[in-house]
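**Q**
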Amino acid sequence: MSASAPLAAFACVLRRDLLLALRRRSDVATTLFFFVIVVTLFPLGVGPEMSLLRTMAPGVLWVAALLASMLALGRLFAGDYADGTLEQLVLAPHPLGLLVGAKIAAHWLVTGLPLVLLAPLLGLAFDMRAEALGTLTLSLLLGTPTLGLIGAIGAALTLGLRGAGLLLSLLVLPLYIPVLIFGAGAVEAVAGGLGPGAHLSVLGALLVLALFFAPWAAALALRISLE
Amino acid sequence: MSASAPLAAFACVLRRDLLLALRRRSDVATTLFFFVIVVTLFPLGVGPEMSLLRTMAPGVLWVAALLASMLALGRLFAGDYADGTLEQLVLAPHPLGLLVGAKIAAHWLVTGLPLVLLAPLLGLAFDMRAEALGTLTLSLLLGTPTLGLIGAIGAALTLGLRGAGLLLSLLVLPLYIPVLIFGAGAVEAVAGGLGPGAHLSVLGALLVLALFFAPWAAALALRISLE
Amino acid sequence: MLVANGLECVRGGRRLFRAVGFELDPGTALEVQGANGSGKTSLLRMLCGLLAPAAGEILWNGADIRTLGEAYRGELVYLGHQNAIKDDLSALENLLVSETLAESAVTPAAARDSLARLGLAGCADLPTRVLSQGQKRRVALARLLFRERCRLWVLDEPFVALDQQAVREIAAIIAAQLGGGGIVVYTTHQEVAVAAPRRTELRLGR
Amino acid sequence: MLVANGLECVRGGRRLFRAVGFELDPGTALEVQGANGSGKTSLLRMLCGLLAPAAGEILWNGADIRTLGEAYRGELVYLGHQNAIKDDLSALENLLVSETLAESAVTPAAARDSLARLGLAGCADLPTRVLSQGQKRRVALARLLFRERCRLWVLDEPFVALDQQAVREIAAIIAAQLGGGGIVVYTTHQEVAVAAPRRTELRLGR
Amino acid sequence: MDRHIRVGARRRVRGAINLYYYAAPRTFYPLAGRMARVFYAVAVVLGAIGLYIAFFVAPTDAQQGEGYRIIFLHVPAAWMSMFLYVVMAFWAAVGLAFNTRLSSMMAQAIAPTGAWMAFLALWTGALWGKPMWGTWWVWDARLTSELILLFLYLGFMALQAAIDDPRRADRAGAVLAIVGVVNVPIIYFSVQWWNTLHQGASVSLTRSPSMAATMLWGMLVMALAFWMYCLGATLTRVRAIILERERRSDWAHELALGKERDA
Ligand code: HEM
Ligand SMILES: Nc1ncnc2c1ncn2[C@@H]1O[C@H](COP(=O)(O)OP(=O)(O)OP(=O)(O)O)[C@@H](O)[C@H]1O
Ligand SMILES: Nc1ncnc2c1ncn2[C@@H]1O[C@H](COP(=O)(O)OP(=O)(O)OP(=O)(O)O)[C@@H](O)[C@H]1O
Ligand SMILES: [Mg+2]
Ligand SMILES: [Mg+2]
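Protein chains in written order, with my numbering: chain A, 1227 to 1453; chain B, 1227 to 1453; chain C, 699 to 904; chain D, 699 to 904; chain E, 8 to 270.
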């Protein structure tokens, strides 16, 4: 049990989940695809007026990102729960919060990050300006991990419950709304000619807070769910 | 093996699925909840201009209904597949298309119908006019079963595959687009002062076509997927 | 009478078995043996028409089972590795649904009796989600009690997860069916004595 | 040394057992017996700390397992009803992941060897999704080969779905662990001879 | 597409027509190779003639200027995309019904070419739409249904790729292909059933009879060239599929060894 053991365990879980995502590539792609569909179907409904689309853009993109993240949550622990590997993770001789952190990290890498990278491209289609695009990307980069971290608590709490889906959304949405407001707010501030600084620093603070507490809360919730 | 046997089997599967939905109530509610979220989040992104919202409304509502239906599809056969009851349905001494039809009917009753009933309420929030609301409801009433029927084929084809989620969307979306176009088109026609007759009759024709063929195609696909 | 001729099974590019054939008269028990992964489950699924053989044919009373369709499925009971019960329904509800679909004459009272016979009296109304492994298996097996009229039973490891007493009970049910002229094809890795008028064994794998 | 005092288990408002206690010295095999639904799985999960007992305590070398946490989990192997393998990973990958997490010294070659020892040489690189029931169980059991150093093995029906030869193999592995001073708590409905220096039996249920 | 059967029929075994001779992948493999080469050659020749007519013979259009010449790509591609889908669905259905391996392989081989044609029709149409209608895209019945056709091709390929077992992949793909066939008449008749932006029958394009004639000829020659190309591409791909699926068979090994010896 060397000092590097926890790190090795973190890396092991991270690698495992990334490998699994690679094997079930299209599961991951679903989130992304969903994000793209939601975003692109909207101009269809609204019509092609560019100035209008530009005003909508931050809101639409952030809402779509939020929905996509929320839908992806269901998969965070469900698979491991169903096949019994979650029990084994809980029984592994490592702090559970760490392993849960690894799972959340992997989850973000495969569902959050691609979304962050894709958002500017979609933003272009909405005719957003360059600095707004930059802020959009940055706000998503800070915001989506927070969504994942908060969501993990909800996912752990609702694991194996009847109707986990709705419960999860109900638990998680109220906590998501601040992230949405500051995230979309940052982009709108830039579009309106103001600096995004204030909004972004709140997002950053939320992220740090979530990083410190969410994995442990989720770990505790998991233990309870497994009983 | 009386003449009423197929009917009894149909009723039995329908009852079973409705009972299951009742037990997992919130699973069903998720679809509805998702529909409501998508629809209500949009005004947030677009701002409160009523005339604008009114123009968007048919598109937004129909897109949301389509997305909600598509997401619900994943659950149509997956549960029965995982616990082996699907095999037993396939082996039951009844035409499989009939049993599949019962499953689709139950699925629509719990995911499609509530959505149809909720849509006018949401339409009110978008300041839609009475006749447009009526057409909206009617178009959804004709359109959502078609979505379910077509979707069932896709769900059956992708059962148990790696990354069924994305594949399902990919297979099903192209076939959904006509329904979307004619559905939203009907409402827009009314809003634009034209009659919805032509659009609605196409929707009706699509429904009849799907009713006749989809259950059998889905049944065939199920047999293939179970091999 | 169930006849198989020259069955061949290929899974994932590997041939599991070939040239498997047998003739089962009424009252015959066929025990399919073989190591793990030798293709027992695959063979049983072929007999049910769930899996198409790579070669060969399966005849029921002289007719190919693929052409028979529903008529054959009405004569068949299949019990797989999976219990085919819904987690959210109670044992009773599960049994009622499966028997209604199979067109058995079943009343709630009769279903309750047969569950009680398999030692599930106390948990007939619990959602099967909370039952123990063995209790779930018993729920799945309860349907056998309503299927005397089905002339072919195909049972994939029926005794798994059952305790000794339940194993004896199920073995007795199978023996009774055989005595009544039914055909039973089954697999098991346990040594279970099943009394049968006629018995055949088939060993898969090298 | 594993000691349990006055354990009580309540599931869904029903008391499954009460006042269950035992002391297991190194080299002792505890076979937990009982009918289906008598609470064997529940007891085993308590021993692992997955389920909190309604009353009573569980001590490992004199300390309550709840206070020990990771130190206890490092000494423990638990094998549940479920195989705890990922369908989409190959047998080899599954084994490597679980052993890396358990901090076993494991190389791909060693993992491959142990899979081969359990008769999985041919399917070490297939996704476990396509394996047969017994092969999946073997993959789950392969981790035992790397856990000699763990002093407590808790095995919930390890022999289920295995063929005769695999049963003997696993019984031998358990016997070896017992011979080396390990403690093994297990349940099974099959009659399997497990050689043990010391043996205790615990019967749950009326 | 059913050419190989007709060619096969010519081979007679003691007077009886051995229709099935070439239905076996093994015998079809070398035949397909020979045929593909012929089709490619014809495609090149016809393509050269067609392009010559398109760019040098056909006169400039009175209203559309030079831009209309894209029609020589657009229409053949659109025709082929629909035609290939029907052929693909046909072979897939035959494979589903009679469990004949070669027909399923044919369906699988056709799909990428069909997708490519659908893409080409969409792309050239969009390019043309910008000067003609002032927009790349409208959600009009013909355009939408052609887009759906592309998605159906992509879905067919994705579904087959997602299934490991080739037999199951064939059968599942067949169901999808057959379901999608309804789309083809919709594409074709969309301009009649709904009033759309898109052109109707080619007659409506006629500005003067003489011009229509050269244009028609150009289009027909190009369509033939496309056809030959599609045949060639499909046969080439079906060879690859045969080899991949039969890689465990003796003849495939012999073939591979033979190639090695030659090299
Ligand atoms: C992305 C946009 C477009 C798509 C998907 C599309 C699709 C098609 C299809 C499927 C056909 C063959 C149907 C048939 O032969 O009846 C076709 C033919 C044709 N298209 Fe397009 N098209 C597009 C844009 C355009 C544009 C912009 C023009 C010119 C203004 C155009 C002019 C024609 C003409 C003249 C024909 C031949 C009609 C005939 O001879 O019957 N298309 N197109
Ligand atoms: N796609 C595939 N690729 C490779 N092998 C496969 C594939 N699908 C199935 N198999 C193999 O086919 C066999 C399936 O056998 P089957 O489930 O019929 O075994 P069984 O005799 O029932 O075994 P058990 O006693 O363990 O239940 C396994 O050996 C499995 O590895
Ligand atoms: N929520 C609940 N409500 C009622 N009963 C419950 C609930 N949860 C569990 N049980 C009961 O607890 C028991 C669980 O027992 P357990 O799984 O420990 O049995 P077991 O001895 O392992 O049986 P088996 O031999 O079948 O594996 C079952 O009888 C089950 O009915
Ligand atoms: Mg098996
Ligand atoms: Mg148990």
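Ideal Cβ placement from N, Cα and C applies to all residues, glycine included.
Of all Cβ atoms in chain A, is any one closer than 9 angstroms to the Cβ of residue 1256/B?
**A** Output row for residue 1256/B: interface = yes.
**Q** Under 8 angstroms: does the beta carbon of residue 887/C sit that close to some heavy atom of ligand 2?
**A** Within the cutoff, so yes.
**Q** On a Cα-Cα basis, can you pick out the residue from 718/C, 869/C, 790/C and 724/C that is closest to residue 731/C?
**A** Residue 718/C is the option with its Cα nearest to residue 731/C.
**Q** Sorry if obvious, but does the Cβ on residue 854/D come closer than 8 angstroms to a heavy atom of ligand 3?
**A** yes
**Q** Flag residue 784/D as yes when its Cβ comes closer than 8 angstroms to any non-hydrogen atom of ligand 3, and as no otherwise.
**A** no
**Q** Checking contacts by CB at 9 angstroms: is residue 848/C closer than that to chain D?
**A** no
**Q** Using the beta-carbon count (16 or more within 10 Å), is residue 1231/B buried or exposed?
**A** exposed
**Q** Which of the residues in the region 789-804 of chain D, read from start to end, lie with their CB under 8 angstroms from any CB of chain A?
**A** 791, 795, 796, 798, 799, 800 and 801
**Q** Among 1419/A, 1371/A, 1291/A and 1241/A, whose alpha-carbon lies nearest the alpha-carbon of residue 1432/A?
**A** 1371/A
**Q** Going by beta-carbon coordinates alone, are residue 84/E and residue 196/E separated by less than 9 angstroms?
**A** Their beta carbons are not under 9 angstroms apart, which means residue 84/E does not touch residue 196/E by this criterion.
**Q** Confirm the yes/no value for this check: CB of residue 734/C, any heavy atom of ligand 2, distance under 8 angstroms.
**A** Yes, ligand 2 has a heavy atom inside 8 angstroms of this Cβ.
**Q** What are the partner residues of residue 715/C, as DSSP defines its beta bridges?
**A** Its beta-bridge partners are 707/C.
**Q** With 7 angstroms as the limit, tell me which residues of the region 1293-1312 of chain B have their beta carbon closer than that to any beta carbon of chain C; keep them in chain order.
**A** 1309, 1310 and 1311
**Q** Which residues in chain C sit within 7 angstroms of residue 830/D, going by Cβ to Cβ distance?
**A** 734, 735 and 739
**Q** What do you get for residue 106/E, buried or exposed, if any count of 16 or more other CB atoms within 10 angstroms of its CB means buried?
**A** exposed
**Q** Out of 742/D, 735/D, 728/D and 752/D, which has the shortest C-alpha to C-alpha gap to residue 708/D?
**A** That would be 752/D, whose Cα lies nearest to the Cα of residue 708/D.
**Q** Figure out for me which residue from 254/E, 243/E, 257/E and 261/E has the closest Cα to the Cα of residue 38/E.
**A** Cα-wise, what sits closest to residue 38/E is 243/E.
**Q** Nearest chain D C-beta to residue 836/C closer than 9 angstroms, yes or no?
**A** Chain D, which has a Cβ nearer than 9 angstroms to the Cβ of residue 836/C, makes this yes.
**Q** Given this structure, state the Cα-to-Cα distance separating residue 763/D from residue 852/D, to the nearest angstrom.
**A** 14 angstroms
**Q** Taking the continuous alpha helix (DSSP H) assigned at residue 776/C, which residues delimit it?
**A** From DSSP, residue 776/C is part of no alpha helix (DSSP H) but of the beta strand (DSSP E) over 774-777.
**Q** Which whole-angstrom value describes the C-beta separation of residue 840/C and residue 802/C, a residue pair presumed to lie in contact below a C-beta threshold of 8 angstroms?
**A** At roughly 11 angstroms, the Cβ-Cβ gap does not stay under 8 angstroms, so residue 840/C and residue 802/C are not in contact.
**Q** Across which residues does DSSP place residue 729/D in a beta bridge pair?
**A** Looking at the DSSP assignment, residue 729/D forms a beta bridge with 884/D and 899/D.
**Q** May I ask you to report which of helix, strand or coil DSSP gives residue 170/E?
**A** In the structure shown, residue 170/E sits in coil (DSSP, three-state: anything other than H, G, I, E or B).
**Q** Mind checking which residues open and close the alpha helix (DSSP H) that includes residue 763/C?
**A** 763-766
**Q** Apart from the five residues just before and just after residue 944/C, which ones in its own chain have a Cβ nearer than 6 angstroms to its Cβ?
**A** Past the edges of chain C, shown from 699 to 904, lies residue 944/C, and the structure says nothing about it.
**Q** Residues of the region 756-785 of chain C with a CB closer than 9 angstroms to any CB of chain E: list them in chain order, please.
**A** none
**Q** For the 8 angstroms Cβ check, are there 3 or more pairs between the region 778-786 of chain C and the region 1344-1355 of chain B?
**A** no
**Q** Secondary structure at residue 1374/B, three-state DSSP: helix, strand or coil?
**A** helix
**Q** Quick one, which of 1368/B, 1253/B and 1311/B has its alpha-carbon nearest residue 1434/B's?
**A** The shortest C-alpha separation from residue 1434/B is found at 1368/B.
**Q** Exposed or buried, which one is residue 124/E when buried takes at least 16 other CB atoms within 10 Å?
**A** Looking at its Cβ environment, which holds 16 or more other Cβ atoms inside 10 Å, residue 124/E is buried.
**Q** Where does residue 753/D fall in DSSP's three states?
**A** strand
**Q** State buried or exposed for residue 1422/B, treating a residue as buried only when at least 16 other CB atoms are found within 10 Å of its CB.
**A** buried
**Q** The alpha helix (DSSP H) with residue 345/E in it runs from where to where?
**A** Residue 345/E is absent from the model: chain E starts at 8 and stops at 270.
**Q** Inspect the CB distances between the region 815-827 of chain C and the region 1439-1453 of chain B and report whether three or more fall short of 8 angstroms.
**A** Not touching, per the Cβ criterion.
**Q** When the Cα atoms are used, what is the spatial distance from residue 897/C to residue 774/C?
**A** The straight-line gap from Cα to Cα measures roughly 19 angstroms.
**Q** Hey, could you find the ends of the beta strand (DSSP E) residue 853/D is sitting in?
**A** 850-854
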